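Report on the following structure.
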Amino acid sequence: MSVNPPQPVNVTTDSSVKADREAVYLPPSELALKYNKGLQRPLAVQPHPSASQAGSTKIKKIETFYVRPRWLFVRVETEGGVVGWGEGTLEGHTEAVQVLTLCRLIGWDAMNIEEIYTYLYRHRFYRGGEVLMSAMSGVDIALWDIKGKVLGVPVWELLGGKVRERCDVYGWVGGDRPSDVAEQAKVRKEQGFRFVKMNATESIGWLDSPHALDDTVKRLAEVKAIGIDAGLPFFIEEPLLPGHVNELKDLYNKTNIPIALGERLFTRLDVRPYLEAGCIDLIQPDIAHAGGISETKKIAIMAEAYDVGLAPHCPLGPLAFAASLHVGFSTPNFVICEMSLKMHYNVGKDLLSYMLNPEVFDIENGSIGLLTAPGLGIELNEDMIRKEAAEAAELEPWINPLFRGEDGAMREW
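full-length UniProt numbering numbers the first residue of the sequence shown as 1 and each following residue consecutively.
Take a look at the structure:
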């Protein structure tokens, strides 16, 4: 069945050449039309040139659903009725990602994942950045889900096959400003976790007194007493902000604690300086921000050449977590993955809330077993998602918390 979009509207330009260049492939969605009005000029709404060719794997519809606690799910449907789900959550920037996600792909063949990825990344003057890459992530993950379902295999099979049967995971304790970390670590241990992550300090200013360091040492000692680690921290995450490559190298040379970072790096080009400088032990791409499965897998392969492990950052929803696991199952240098189960951000809904088969995320001895169903291997309650998205549309979107010190000055998040 061919795609029949609305007739293109007239584009006011000085030449027909410019008119052709200004034509943008947009789905006939209410969100796209609403966005067009804000541009102060009409846009031509056209399908991809191949849309007239009937094909069961051609993209028919793309939808986004913003749901509690702060997640953006992406639903892609083919003309043949196959549905793939992805996640393009970008905390605090949902609206921008939604608009980008809905554009340009009606009529494209969902099986040609690399072509679509290349088009979304290269067919624009501006590239990279968290908004574009998060939008690409949502679509990319959904396409891998579709391809796995069409071929009847799990995504890890498409990525080269499995290299392990289970993936280690860790959970959060303590929240943004750590408190009661020892008690929470005990709870995590009872839930099956062998690894936990915590903020060692509250937000610290330039002139904070030495007691802040003393409090940090005490807090870590309380958690270590539970017996989760063997003495040294497994890793320290983002000890310096992204961009300080030389300074991070200096710190790296002065400590024997493994250093990890990467949640605010979105492409291989972002990651490369850190690998070349030899200043990290673990790379932490967030699959919902770093271009989805396609780019995350490439980052992992690139890191392997530098003997750097993969530890996906994932304080997000079930789709991002499942996608991260598939990369982990198929990646030799995978080490561990974050899991947002009962995380402090998950207000109103939790990791398993939208799932029909939550048992696939059961934790045993600190790890998750192989996902074996076609595609991502998880089943979602679509009716619940649609209902939640309608209700969430009436709520204020989640935004980043603002931290201030005792002097009233803003502190780093």
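For every residue, glycine included, the Cβ atom is placed at its ideal position computed from N, Cα and C. Since this is a predicted model, take the numbers as computed values, not measurements.
- Between Pro239 and Arg411, the alpha-carbon positions lie close to 15 Å from each other.
- Beta-bridge partners of Ile62 (DSSP): Val76.
- Counted as a single uninterrupted DSSP element, the alpha helix (DSSP H) harbouring Ile113 occupies residues Ile113 to Arg122.
- If you draw a 10 Å sphere on the C-beta of Asn357, you find fewer than 16 other C-beta atoms in it, and that means exposed.
- Assigned with DSSP and collapsed to three states, Ala185 falls in helix.
- Nearest Cα to Asp350 within the set Asp362, Val335 and Gly317: Gly317.
- Positions of the beta strand (DSSP E) runs, each at least 3 residues long and wholly inside the UniProt domain "Enolase C-terminal" (233–383), are given as 259–261 and 367–369 in order along the chain.
- Around the CB of Tyr126, fewer than 16 other CB atoms lie within 10 Å, so the residue is classed as exposed.
- Between Ser340 and Pro315, the CB-CB gap stays under 7 Å.
- In this chain, the beta strand (DSSP E) harbouring Trp172 covers Arg166 to Trp172.
- Bounds of any beta strand (DSSP E) do not take in Gly138; it lies within the alpha helix (DSSP H) bounded by Glu130 to Leu151.
- C-alpha of Val360 to C-alpha of Arg264: approximately 29 Å in a straight line.
- Taking C-beta separations shorter than 7 Å and ignoring five residues to either side along the sequence, the partners of Gly80 in its chain run Ser56 and Thr57, following chain order.
- When only Cα atoms are considered, Asp215 and Asn199 end up about 12 Å apart.
- Check the Cα spacing between Ile385 and each of His244, Ile299, Ile399 and Trp85: the tightest is with Trp85.
- Boundaries around Val155 are those of the alpha helix (DSSP H), Val155 to Leu158, since no beta strand (DSSP E) includes it.
- Taking the C-beta atoms as reference points, Thr78 is found nearer than 7 Å to Ala110.
- In the structure shown, the three-state DSSP call for Asp180 is coil.
- Between the C-alpha atoms of Lys297 and Val327 there is a straight-line separation of about 6 Å.
- In this structure, Ala392 sits near Val67, with a CB-CB distance shorter than 7 Å.
- Judged by DSSP secondary structure, Gly86 falls within the beta strand (DSSP E) whose first and last residues are Val83 to Glu87.
- Cβ-Cβ distances below 6 Å link Gly348 to Arg68 and Pro69 in the same chain, with the five nearest sequence neighbours on each side left out; the list follows chain order.
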